[in-house]
Amino acid sequence: CRDEGKKILQQIEAKNGTGIVLVGRPYNAFVRIANLGVPRKFASADVTIIPADFLPLHEVPCEDTMYWEYGRMILRALRYVRENPSLFAVYISNFGCGPDSFIQHFANRIMGEKPYLYLELDSHTADAGITTRVSAFLDVIAGYREVIKKTPKTHTTFSPAEIVCKNKKVYVKDSKGNLVSLKDPRVTLIIPSMGRYNTEALSAACRCYGVNALPLPPADENILATGREFTSGKECLPCVLTVGALMDYYRTRFRRTRDDEILVFFMPTAQGPCRFGQYNVFMQALIEDLRMEDVTLLSLTAENGYLGMGIKFLIMGYIAAVIADAMNDIRALLESSAIDKSDALTKFDSIWRNILRGIEGGAIHAFRALYRASKELSVIALKPDYKNVSKVLLTGEIFVRHDELSRRNIEKIYNSHGFMVKTSGICEWIYYTDWNKMYKLATGNGNGYNTDFLTLRYLLRKALESIKGNKASYDFVRTRLTLEFERMVERIIRHILRKSGKLITREHHIHDIVQCGSQDLHPSLAGEAILSSGCVRHLFHKTSSEKYCGTILIGPFNCMPTGIAESLIKPHARRKNIPYLTFETDGSPIPLNLRNQIEVHLLRSKRYTEQSYGKQTRGNSHTG
């Protein structure tokens, strides 16, 4: 098809004509039923139209940050069209396409001033509307080709700040090209909120490393509105809230106390398949488009060697995450079982501030603070039957399940009925990333999978035997030992806090969770879906001694991993009669229909408790 495309392109150039390139995924852009006859409308106007497959896309570069294969094809096609004066693009998408919510932004940046037609189609799209847009686009092309002949090209220069690693030290290269240490007082590292305790603990760990880290408070309506101002409305909620947090700080607080401040915004990344890995790319593009001087992003991944931040930072960061998870569980118990809730939460906040000071001082101070915290927590009075409190599992997308605005206080409804809402922790994802790395190393990216391989000692011994000169074996052993170290740290921290009598939840082996989840989904399909499904299966297994009586799956509106998780959990919940609720959040208040579903879920959870554990659940009979 490339040979045919080459001939057609030569014909268009010879006639100085106009060619249209049809861009999109083959299953919706190139299929007659799915594209609703768009190519025919151009052909009937006597305009040549070809699919993007006809272009020599293998010659066009594409950034590594675009990990979707069709996304790479789309961006390559648009770059080719941009550089060819005779070609113009028609980009066909569908309503609710998650990847395109980001790819469209990148398409706009690539095309610049050159017009292209973006069509978002579904089964309700009117034919007359498509015809009108095609005709208008052809008129725009004609006008553009006349104007572009008379308009000289202009170039503007802007140098965004960036993070650089030099001699195993981290620097910020400001917009003027100066290198400034990340630990310099002029640098402010902003940690966006992903739950109060997680954010504050990570910030304290960064300050222990010597970085001026500032935790942002939980998002509010103003942050949500600001985020929507700089997004299209199609992106997932975590992206909207993090963009809103960045822009709100930049507008209201940046350089208010010192005029030489350099802003570094902590924004992790990933390599798909979830849209999360595109947040960083989108926000970097936003910084460049708005010409935000001395503002950059910081991402720490295993792939970039954590930018040489050092083992001290990694250990303290992990310790902070474990402590935050445990303290979240303790607070959840206080919310449901404290005799004097107001007094209990006041004491809890005081204890938490002392723990943060301990984390800032390093590992030894952190553990000393935990011992003191355990003693202080032990005197908080709880209801007599608190150890048998019924628990509801809140699982799903990692950001929204911890973010207060995203949850819209759904946990407080359950607390008022005597239920403890256990939120799946941050460490679950940390364990999973290590587990998934070992899985890829041991199976050759998914060939011959067997979940038992991670527990077999001979595999570790075999890797040790071949570690010299074998990077894969070295990485496997290192990751396996890292996972064991992480589990040891969690056991120690939870053991200390369990002495208070206020930590009644248990840690769970990531291998067990993934093994349960793999009954529905192959582990090579990495992401949160297998964790959510596996966690529900594991905690509601007949051998589980924990008293869980219901589960809530929360995720951003139109989130594909959440949709996959729902398709796995719901049938299992029906078979096992497990009370189950899906909460898709876009940041808006809980709608009436969901409140009605919550009422039903509460009633079913109470009945499940009575039937499974033979006890009544404390609380009121209404949600209030």
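When we follow this note's numbering, the leftmost residue of the sequence shown carries the number -9, and every step to the right adds one.
Glycine included, each C-beta is placed from N, C-alpha and C at the ideal position.
Since the model is a prediction, treat every value here as computed from it, not as a measurement.
* Span of the alpha helix (DSSP H) around N405 -> 400 to 405
* Residue of D576, N583, P182 minimising C-alpha distance to Q398 -> Note that residue 398 is Arg in the sequence shown here, rather than Gln. Of the candidates D576, N583, P182, the one whose C-alpha sits nearest the C-alpha of R398 is D576.
* Asked: Under 8 Å between the Cβ atoms of A314 and Y187?
  -> yes
* Endpoints, alpha helix (DSSP H) assigned at C669 -> For the chain, the structure presents residues -9 to 614; residue 669 sits outside this window and is missing.
* Alpha carbon to alpha carbon, what distance is there between R484 and N318? -> 12 Å
* Please name the residue in L323, D424, P175 whose C-alpha comes closest to that of G517. => D424
* **Beta-carbon contacts of D(-7) that lie in its chain and below 7 Å, excluding the five residues immediately before and after** => none
* Same chain, Cβ closer than 7 Å to M165, neighbours up to 5 away in sequence not counted -> Per the sequence shown, the amino acid found at residue 165 is Ser instead of Met. If we look at S165 and ignore the five residues flanking it on each side, its Cβ neighbours are S149, P150, A151, E283, D284.
* Asked: In chain order, what residues of the same chain have a beta carbon less than 6 Å from the beta carbon of K617, not counting five sequence neighbours either side?
  -> Given a span of -9 to 614 for the chain in the structure shown, any question on residue 617 remains unanswerable.
* To do: Drop a sphere of 10 angstroms on the beta-carbon of N548, count the other beta-carbons inside from all chains shown, and report buried for 16 or more, exposed for fewer.
  => buried
* Do T232 and P263 come within 8 Å of each other at the CB atom, strictly closer than that value? -> no
* Which first and last residues belong to the alpha helix (DSSP H) in which I(-2) is found? -> -8 to 5
* To do: For I494, I'd like the list of residues in its chain whose CB is within less than 7 Å of its CB, leaving aside the five on either flank, ordered along the chain.
  => L323, K377
* Asked: For I420 versus Y308, is the C-beta distance shorter than 8 Å?
  -> yes
* Distance, Cα to Cα, E615 vs P374? -> Outside the modelled stretch of the chain, which goes from -9 to 614, sits residue 615, for which no answer is possible.
* Asked: Is the region 5 to 22 close to the region 36 to 53, with three or more CB pairs under 8 Å?
  -> yes
* Residues sharing a beta bridge with C155, DSSP -> V160
* To do: Could you name each continuous alpha helix (DSSP H) segment of 4 residues or more that falls completely within the region 509 to 537, going from the start of the chain to the end?
  => 518 to 529
* **Cα-Cα separation between K104 and L128, rounded to whole angstroms** => 13 Å
* Sufficient close CB pairs (3 or more, under 8 Å) joining the region 249 to 264 to the region 41 to 51 -> no
* Which of helix, strand or coil does DSSP assign to K381? -> strand
* Asked: Tell me the DSSP bridge mates of V21?
  -> DSSP lists no partner for V21.
* **Residue nearest to R176 in terms of C-alpha spacing, selected from S406, V201, L280** => V201
* To do: Determine, using beta-carbon pairs with one atom in the region 221 to 237 and one in the region 383 to 397, whether at least three such pairs fall under 8 Å.
  => yes
* To do: Label E53 either buried or exposed according to how many other C-beta atoms from any shown protein chain fall within 10 Å of its C-beta, with 16 as the threshold for buried.
  => exposed
* To do: Report the option in R343, G524, T541 whose CA atom is closest to the CA atom of T572.
  => T541
* Distance, Cα to Cα, A334 vs S113? -> 55 Å
* Is the CB-CB distance between S662 and I2 below 8 Å? -> Residue 662 lies beyond the stretch modelled for the chain, which goes from -9 to 614, so this question has no answer here.
* **heavy atom of the ligand COA below 7 Å from F573 C-beta** => In terms of ligand content, the structure shown is empty, and the ligand COA therefore cannot be addressed.
* Asked: Would the region 344 to 354 and the region 512 to 527 be scored as touching if the rule is three or more Cβ pairs under 8 Å?
  -> no
* Coil, strand or helix - K412 by DSSP -> strand
* **In DSSP terms, what E219 is bridged to** => Its beta-bridge partners do not exist; DSSP assigns none.
* Assigned secondary structure, V201 (DSSP; H/G/I helix, E/B strand, else coil) -> coil
* Would you mind sorting G133 into buried or exposed? The rule is 16 or more other CB atoms within 10 Å of its CB. => exposed
* Per DSSP, G540 forms a beta bridge with which residues? -> V382
* Step through the CB atoms of chain C and report whether any lies within less than 8 Å of the CB of K31. => Considering every chain present, this structure includes no chain C. It has just one protein chain.
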